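Following: one structure in structure tokens, then a few remarks.
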Amino acid sequence: MKIGDLAARTGVAPRLLRYYEQVGILHPVRSSNGYRAYGEPAVERVLQIRELLDVGLTTDMIREVLPCLGAEPKPRECPPAKDLDGLRSQLVNIEKRIDVLQRNRQAIKEFLRAWEGADTTA
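The opening position of the sequence shown corresponds to residue 11 in the working numbering, with each subsequent residue numbered one higher.
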């Protein structure tokens, strides 16, 4: 598929897809006419990149961890332990965000239960 098709399927602008290619986290093949061509796995890869960015990873971090993620990780391409301090810090931040989200979810559930159980006809 062409870059416009990938953009439409993922909701990510073509310019951003080209940036992902530039920083080495998305790897299209070039067709004989020079157009970028993406296989079906690129859709899932772009969505995965967006999710990693959404939880706070930088593109540099994503470039390091992408080979280690997915159905067929490539352990030899995983970063050595000395490069993982930033990821460990990011994991702590993600866990804090999860805690906040869980507390907020519980508060909303309790509010809805109370509201739905209240007599609103009076």
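The beta-carbon is built from N, C-alpha and C at its ideal position, and this holds for glycine as well. All figures in this text were calculated on a predicted structure; none of them were measured in a lab.
For residue i, tell me which candidate among the options has the shortest Cα-Cα distance.
i: G44; options: E61, R113 and K12; result: K12
i: P38; options: N103, E61 and L16; result: L16
i: L62; options: Y48, S41, Q32 and I104; result: I104
i: L97; options: R115, E31, C78 and K119; result: C78
i: V102; options: L122, R115, L67 and K119; result: L67
i: L27; options: Q116, R60 and S41; result: R60
i: D70; options: S42, E31 and P51; result: E31
i: G80; options: E50, S99, Q58 and D64; result: Q58
What are the partner residues of residue i, as DSSP defines its beta bridges?
i: A47; result: V39
Buried or exposed: which applies to residue i, given that a residue is buried once 16 or more other Cβ atoms fall within 10 Å of its Cβ?
i: E74; result: buried
i: R25; result: exposed
i: R115; result: exposed
i: L76; result: buried
Between residue i and residue j, is the Cβ-Cβ spacing less than 7 Å?
i: V53; j: R19; result: yes
i: V22; j: V56; result: yes
i: I118; j: I72; result: no
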